[in-house]
Amino acid sequence: PTDDSIMANSILPTPNNFGTETRSRTPAPTEVRWALRLLWLSLAISVVQFLFFLPIAIRALPTDPAGRQPMIIGYVITIAGFFLSAYLNIKIAHKKNWARTGKLLLAATSLFFQAMFSPRLTAFQYISVGMAPALNFAALYLLFLTSGRLWFRQPSSRTED
Numbered sequence: 017p018t019d020d021s022i023m024a025n026s027i028l029p030t031p032n033n034f035g036t037e038t039r040s041r042t043p044a045p046t047e048v049r050w051a052l053r054l055l056w057l058s059l060a061i062s063v064v065q066f067l068f069f070l071p072i073a074i075r076a077l078p079t080d081p082a083g084r085q086p087m088i089i090g091y092v093i094t095i096a097g098f099f100l101s102a103y104l105n106i107k108i109a110h111k112k113n114w115a116r117t118g119k120l121l122l123a124a125t126s127l128f129f130q131a132m133f134s135p136r137l138t139a140f141q142y143i144s145v146g147m148a149p150a151l152n153f154a155a156l157y158l159l160f161l162t163s164g165r166l167w168f169r170q171p172s173s174r175t176e177d
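Numbering (my numbering), first residue to last: 17 to 177.
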């Protein structure tokens, strides 16, 4: 066994918020660990794609301020979405069920806007921009529809957000 598998499968004592007792933390099942890997990979792909196309998008910005402002706001919202996605990934790893639901909503919203603003892509472009959403939905499948979902139903030793 590797050090990673030993650490992932061990039960570590964690203090509660008040420090009055120690409870054991249930290790994340394989499905959840794979889902988290897929979520981080999806985020990495999305960030790389954004950075790759950012210079092209900046050159295509309209010269008038009224035309520029909505596009710049869109870029800021995209960057904020990356931070929100990373935050949700971290909270999913901490067994927060609300983060799992939030990730589902974020993925659905992202897919909606991607479909809405990408009507004229070629098949190759659809495949390249579809990689990250496909990984997200594969991870969500593991989090919601496999035995990984049971982990979120177990009482958690952590109560902080």
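Using N, Cα and C, we set each Cβ at its ideal position, and we do this for glycine too.
Note that this is a predicted model, so its numbers are computed, not measured.
With 16 other CB atoms within 10 Å as the buried threshold, where does A44 fall?
-> Start at 1 with the first residue of the sequence shown, and residue 44 comes out as number 28. Counting Cβ neighbours within 10 Å, A44 comes out buried, since at least 16 surround it.
Pull up the distance between the alpha-carbon of A102 and that of F140, whole angstroms please.
-> Taking the first residue of the sequence shown as 1, we reach residue 102 at position 86. Taking the first residue of the sequence shown as 1, we reach residue 140 at position 124. Roughly 27 Å separates the two Cα atoms.
Just how far apart, CA to CA, sit R169 and L67?
-> The residue you call residue 169 lines up with position 153 of the sequence shown. The residue you call residue 67 lines up with position 51 of the sequence shown. Between R169 and L67, the C-alpha separation is close to 38 Å.
Is S40 buried or exposed, if buried means 16 or more other CB atoms sit within 10 Å of its CB?
-> Against the sequence shown, residue 40 aligns to sequence position 24. Interpretation of S40 is limited by its pLDDT of 40, a score under 50 that renders its predicted location unreliable; the figure taken from the coordinates is listed afterwards. With fewer than 16 Cβ atoms within 10 Å of its Cβ, S40 is classed as exposed.
Between A155 and the rest of its own chain, which residues show a CB-CB distance below 6 Å, the 5 nearest in sequence each way excluded?
-> For the purposes of this step, residue 155 is taken as the residue at position 139 of the sequence shown. Excluding residues within five positions, the ones whose Cβ falls inside 6 Å are A51, L54 and L55.
With a 10 Å radius around its C-beta and 16 neighbouring C-beta atoms as the bar for buried, classify A76 as buried or exposed.
-> Counted from its first residue, the sequence shown places residue 76 at position 60. Under this definition A76 is an exposed residue.
Kindly list the residues whose CB is nearer than 6 Å to the CB of T42, restricted to its own chain and excluding five residues on each side of it in sequence; keep chain order.
-> Here residue 42 is taken as the residue at index 26 of the sequence shown, counted from 1. The beta carbon of T42 lies closer than 6 Å to those of Q170 in the same chain, with the five residues before and after it left out.
Closer than 6 Å by C-beta to V48: which residues in its own chain qualify, once you throw out the five before and the five after it? Chain order, please.
-> If you number the sequence shown from 1, residue 48 lands on position 32. Only G164 and W167 meet the Cβ criterion.
Output the residue ranges of the alpha helix (DSSP H) runs that lie fully inside the region 55 to 124 and measure 4 residues or longer, sorted by chain position.
-> 81 to 109
Note down the Cα distance separating T36 from L59, rounded to an integer number of angstroms.
-> The sequence position of residue 36 within the sequence shown is 20, counting from 1. The sequence position of residue 59 within the sequence shown is 43, counting from 1. Caution is warranted here: a pLDDT of 32 is assigned to T36, below 50, making its placement in the model unreliable, and no coordinate value can be reported.
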